[in-house]
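Protein chains: 2
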Amino acid sequence: MSNGTPKRRGRRRGGEDTRSALLTAARAEFAEQGYDGATVRALAARAGVDPAMVNHWFGGKEGLFAAAIALPFDPAVVIPALLEGDPERLGERMVRRFLAVWDDAGGGEFVALVRSIATHETAVTMLKELISTAVFARVTEALGSDRPALRASLCGTQIVGLGLVRYVVRLEPLASAEHDVVVAAIAPNLQRYLTGDLSDVPG
Amino acid sequence: MSNGTPKRRGRRRGGEDTRSALLTAARAEFAEQGYDGATVRALAARAGVDPAMVNHWFGGKEGLFAAAIALPFDPAVVIPALLEGDPERLGERMVRRFLAVWDDAGGGEFVALVRSIATHETAVTMLKELISTAVFARVTEALGSDRPALRASLCGTQIVGLGLVRYVVRLEPLASAEHDVVVAAIAPNLQRYLTGDLSDVPG
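Chains A and B, in that order, give the protein sequences.
Quick note: the first sequence uses full-length UniProt numbering, first residue 1, plus one each step.
Quick note: the second sequence uses full-length UniProt numbering, first residue 1, plus one each step.
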């Protein structure tokens with residue numbers, strides 16, 4: 001929400017226009033440059049607004065990314081919270097957080113995400129950034145794991161697959177299982193991808 | 001392919017008409033009745049053709065199902081082959097077979113599958129049948145595992161997630177990893193879902 005009257009340097013726009021221009025610019029810029037390659041300055045320039053508007057409306061680049069891909073969480077808030085505590089129980093915390101976030105949205109937003117990746121190449125690129133840079137790679141790098149990129153993509157298979165089976169395909173008994181059931185079933189597998197021994201994996 | 005002139009009892013149709021009528025009927029019947037509930041007799045009646053045509057054109061109900069959902073394999077052939085050999089290496093055989101089947105199709109057919117589940121409720125129902133009945137549940141039941149339905153849905157999360165990351169999102173390093181790399185990374189996790197100890201999972 002806007003409060004106060006932030007200064008503007010770019011083309012003058014009303015508040016909602018600014019927000020909407022940033023979202024449109026973000027979808028194009030993240031898709032072309034990737035998450036890391038898209039700078040706040042370039043995002044703002046593309047939208048024709050002052051760079052300060054990114055912080056003002058979205059709390060930073062991560063918030064803008066989350067809004068652009070319609071994520072129901074902000075990685076800048078969630079990831080530091082996940083990383084607190086025992087790394088050997090990170091898989092459990094991630095599954096729990098995943099369920100809390102997407103169950104809250106009734107699963108509908110996950111269905112929308114899958115629908116968008118099936119129909120828009122831009123959404124595919126952004127989901128790739130989400131898995132490879134904005135969320136999982138940040139976690140595997142923060143852990144100091146070996147082969148962080150491989151681990152991040154493996155985490156992606158498990159988490160995206162969980163979302164598909166629970167929210168899109170709605171396959172029982174997983175679709176309506178209690179969180180404790182899903183966590184106990186899946187967290188150990190995710191944990192292997194995060195911190196397990198992958199020395200048998202060639203390459 | 002048709003050879004000889006099979007007898008017909010239902011409405012008379014040319015060969016390609018029969019095949020196409022069966023595919024259309026199958027998509028509706030499997031979606032309404034589920035895989036187990038859809039009988040060859042009902043499928044044929046819905047298509048207005050003789051039940052023998054199901055065997056003639058598709059080698060049986062499983063082949064018709066595979067063709068209706070555009071699967072690049074026939075569960076009736078693949079599953080018995082998978083089940084041969086050490087149950088403790090079934091995860092490895094499944095990942096290897098999955099890669100062989102879908103990589104061969106250049107991943108394009110997996111993308112088509114995801115696109116269809118994102119846009120057609122019928123495809124969702126059929127994917128659900130695929131995971132819950134036609135493939136994974138048959139495997140977990142053949143193994144005599146405890147909690148076969150839970151295990152089947154867990155296998156679904158891992159295998160569908162692998163397909164999404166490798167073929168749809170095309171996330172590296174997994175998207176272009178050699179089969180041996182993918183197998184070594186993912187098979188142990190799939191194996192836990194197939195035969196591992198799930199006694200810590202409530203319910």
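Using N, Cα and C, we set each Cβ at its ideal position, and we do this for glycine too.
Are there 16 or more other CB atoms within 10 angstroms of the CB of residue i, so buried, or fewer, so exposed?
i, result
"Ile186(A)", "buried"
"Arg93(B)", "buried"
"Arg9(A)", "Interpretation of Arg9(A) is limited by its pLDDT of 48, a score under 50 that renders its predicted location unreliable; the figure taken from the coordinates is listed afterwards. Answer is exposed; the Cβ neighbour count stays below 16."
"Val77(A)", "exposed"
"Glu129(B)", "buried"
"Arg41(B)", "exposed"
"Glu32(B)", "exposed"
"Pro188(B)", "buried"
"Gly91(A)", "buried"
"Ser153(B)", "buried"
"Thr18(A)", "buried"
"Arg89(A)", "exposed"
"Gly163(B)", "buried"
"His56(A)", "buried"
"Gly4(A)", "Per-residue confidence for Gly4(A) stands at a pLDDT of 44, beneath the threshold of 50, marking its modelled position as unreliable; the derived number appears in the next sentence. Counting Cβ neighbours within 10 Å, Gly4(A) comes out exposed, since fewer than 16 surround it."
"Met1(A)", "Residue confidence for Met1(A) is low, a pLDDT of 40 falling below 50, so the modelled location carries little weight and cannot support an answer."
Less than 8 Å between the C-beta atoms of residue i and residue j, yes or no?
i, j, result
"Leu171(A)", "Ser132(B)", "yes"
"Gly161(B)", "Thr140(A)", "no"
"Ala149(B)", "Leu83(B)", "no"
"Leu23(A)", "Met53(A)", "no"
"Cys155(A)", "Leu190(A)", "yes"
"Asp101(B)", "Pro72(B)", "A small correction: the amino acid at residue 101(B) is Val; Asp does not occupy that position in the sequence shown. The answer is yes: Cβ separation under 8 Å."
"Asp74(A)", "Gly63(A)", "yes"
"Arg46(A)", "Ala68(A)", "no"
"residue 204(A)", "Phe30(A)", "An answer regarding residue 204(A) cannot be provided, because it is not within the stretch 1 to 203 covered by chain A."
"Val95(A)", "Val169(A)", "no"
"Ala134(A)", "Tyr35(A)", "yes"
"Phe110(A)", "Tyr193(A)", "no"
"Val195(A)", "Pro87(A)", "Here residue 195(A) is Thr; the residue named in the question, Val, does not match the sequence. Yes. Within cutoff."
"Gly203(B)", "Val165(A)", "no"
"Leu43(B)", "Ala25(B)", "yes"
"Leu198(A)", "Arg147(A)", "yes"
With a threshold of 8 Å between beta carbons, is residue i in contact with chain E?
i, result
"Leu99(B)", "Included in the structure are the protein chains A and B, with no chain E among them."
Enumerated in chain order, which unbroken segments of the alpha helix (DSSP H) with a length of 4 residues or greater are wholly contained in the segment 63 to 102 of chain A?
DSSP runs (the alpha helix (DSSP H)) wholly in the segment 63 to 102 of chain A: 75 to 83.
For the segment 143 to 164 of chain B, which residues have a CB atom closer than 7 Å to at least one CB atom of chain A, in sequence order?
So the close ones are Ala149, Leu150, Ser153, Leu154, Gly156, Thr157, Gln158, Val160, Gly161, Leu162, Leu164.
Identify each residue in the segment 33 to 60 of chain B for which the Cβ-Cβ distance to at least one residue of chain A is less than 7 Å, and report them in chain order.
Cβ contacts with chain A: none found.
Under 8 Å (Cβ pairs) to chain B, residues found in the segment 183 to 195 of chain A
Contacts with chain B (Cβ-Cβ distance below 8 Å) from the segment 183 to 195 of chain A involve Ala184, Ala185, Ile186, Pro188, Asn189, Arg192, Tyr193, listed in chain order.
Residues of the segment 125 to 139 of chain A whose Cβ lies closer than 8 Å to any Cβ of chain B, in chain order
Listed by position, the residues of the segment 125 to 139 of chain A near chain B (Cβ gap below 8 Å) are Leu127, Lys128, Ile131, Ser132.
Quick one: which residues of the segment 62 to 91 of chain A get their C-beta closer than 7 Å to a C-beta of chain B? List them in chain order.
Residues passing the 7 Å Cβ filter: none.
Please identify, using Cβ separations under 9 Å, the residues of the segment 166 to 177 of chain B that lie next to chain A, in order along the chain.
Residues of the segment 166 to 177 of chain B with a C-beta atom less than 9 Å from some C-beta of chain A are Arg166, Val168, Val169, Arg170, Leu171, Glu172, Pro173, Leu174, Ala175, Ala177, listed in chain order.
Counting only runs that start and end within the segment 111 to 138 of chain A, where is the alpha helix (DSSP H) found for 4 or more residues in a row?
For the segment 111 to 138 of chain A, whole alpha helix (DSSP H) runs of length 4 or above, ordered along the chain, are 121 to 129.
Fully enclosed by the segment 8 to 64 of chain A, which alpha helix (DSSP H) runs are 4 residues long or longer?
List check, alpha helix (DSSP H) in window: 15 to 37, 40 to 47, 52 to 58.
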